[in-house]
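Presented below is the structure to which this report refers.
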Amino acid sequence: MSENGKLKRFWLHELTRPAFEDWLDNEPAPVVIIGVGSIEQHGPHLPLGMDSHGARHFIYEIAKRTNSVCFHPCWPGYSPHHMGFRGTVTFREETLLAVIMDTVASLAEHGVERFIISNHHGGNEEIYRLAARLAKNYYNVMVATPRGPSKTELAQELEDRQKRYWDVHSGPTETSAALHLFPELVEIWRLEGWEPTLEMDPRLFEFMDPDREDFELVSQVRSACMPPVNIDFTSSGVYGTNDPRTASPEEGEKMFEEGVQFFVDFIETWKTIPVPDAFKD
Ligand SMILES: [Zn+2]
210 MSENGKLKRF
220 WLHELTRPAF
230 EDWLDNEPAP
240 VVIIGVGSIE
250 QHGPHLPLGM
260 DSHGARHFIY
270 EIAKRTNSVC
280 FHPCWPGYSP
290 HHMGFRGTVT
300 FREETLLAVI
310 MDTVASLAEH
320 GVERFIISNH
330 HGGNEEIYRL
340 AARLAKNYYN
350 VMVATPRGPS
360 KTELAQELED
370 RQKRYWDVHS
380 GPTETSAALH
390 LFPELVEIWR
400 LEGWEPTLEM
410 DPRLFEFMDP
420 DREDFELVSQ
430 VRSACMPPVN
440 IDFTSSGVYG
450 TNDPRTASPE
460 EGEKMFEEGV
470 QFFVDFIETW
480 KTIPVPDAFK
490 D
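Just so we're aligned, residue 210 is where the sequence shown starts under my numbering, counting upward by one.
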């Protein structure tokens, strides 16, 4: 539903054609938010669809608060590094690139001029950024990839945890998000007796210390030494050395709220600037 440009439903696939047209014709600065995630192993306790479920919750909430349309074009992302674990589905790099490009191309043809891509899986990083850049050039539309906030107390704490414990995949941070958004899909009991399973040269563990003066350098050396397929360095599928059971739904809620608010503020600020002439045919 949409009346005078005001949406009552926000998923593209739930709108009728007239509702979509009403929104596009009457919303002063229509924005489409595209979310991408993955279908990949997330340790013993999180769902395979962790990143895509996260993307869907995130973009839906932003769309609702900004009268935008949200779209999740595909469940899988780019996850060849997880293929050692069963259940992972990976697109090839060109497939994911094409899915994002074709999505923007289609909606650009119908007159959408502002796109946001929200990515929820580290493995998609280079591809979705390239897609954003190419789509902007090929289809002459604005494609934004906001990222933030990074300066809040919580964001700083999460960043420190990432550096210190490599809490980037299926650790406390992601588990907190899952406990907030879809606790029914979390099987925390599977972590009983959990011990860190990160395996690497002992010298590399010493490099995981953000208090070192040479951390900038040694953390990149550690990164260079990590094998391409993660089953070779983690038997549990969890990357970090901190216990996922320290996660909490309260932390997940705060993280979610800060992230959503950042995107909402981005969109509201963006809407105050008219589409520059260069984007018009
Ligand atoms: Zn994930």
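Glycine included, C-beta positions come from ideal geometry on N, C-alpha and C.
Note on geometry: alpha-carbon atoms of SER288 and GLY296 lie some 11 angstroms from one another. Taking every residue with its beta carbon within less than 5 angstroms of a heavy atom belonging to ligand 1 gives, in chain order, MET259 and ASP260. Boundaries of the alpha helix (DSSP H) harbouring ALA317: 302-318, taken from the DSSP string. Note on the stretch 341-409: whole alpha helix (DSSP H) runs with a minimum of 4 residues are 362-374 and 381-390, in chain order.
With a threshold of 16 other beta carbon atoms within 10 Å, MET417 meets it and is buried. In this structure, MET351 and GLU318 do not form a Cβ contact; the two beta carbons are roughly 15 angstroms apart against a cut-off of 8 angstroms. Relative to LYS215, the option among HIS222, PHE229 and SER359 whose CA is nearest is PHE229. Annotation for SER327: the continuous beta strand (DSSP E) segment containing it runs 323-328. By alpha-carbon distance to TRP220, the top candidate from SER444, GLU302, LEU367 and ILE242 is ILE242. In the three-state reduction of the DSSP assignment, ILE482 falls in the coil class. Beta-bridge pairing by DSSP links GLU334 to no other residue. Annotation: the continuous alpha helix (DSSP H) that includes VAL427 extends over 424-434.
Classified as exposed, VAL484 has fewer than 16 neighbouring CB atoms from the shown chains inside 10 Å of its CB. Take LYS273, set aside five residues on each side of it, and the residues of its chain with a beta-carbon closer than 7 angstroms to its own are PHE219, in chain order. DSSP places SER445 in the coil class of the three-state scheme, outside both helix and strand. Take GLY449, set aside five residues on each side of it, and the residues of its chain with a beta-carbon closer than 6 angstroms to its own are TYR374, TRP375, ASP376 and GLY380, in chain order. Here the alpha carbons of GLU404 and VAL278 stand approximately 42 angstroms from one another.
When DSSP states are grouped into helix, strand and coil, VAL438 belongs to the coil group.
The C-alpha of GLU462 is placed about 33 angstroms away from the C-alpha of ARG301. The alpha-carbon of LEU390 is positioned some 21 angstroms away from that of GLU223. It is roughly 14 angstroms from the alpha-carbon of GLY320 to the alpha-carbon of ARG226.
A distance of 8 angstroms or more separates the beta carbons of SER315 and TRP284. For TRP220, the secondary structure class from DSSP, reduced to helix, strand or coil, is strand. Each of GLY293, SER457, THR382 and VAL308 was checked against the Cα of GLN250, and the nearest Cα belongs to GLY293.
Spanning the alpha carbons of PHE471 and ASP452 requires a straight line of approximately 28 angstroms. By the neighbour-count definition (other C-beta atoms within 10 Å, threshold 16), PRO239 is a buried residue.
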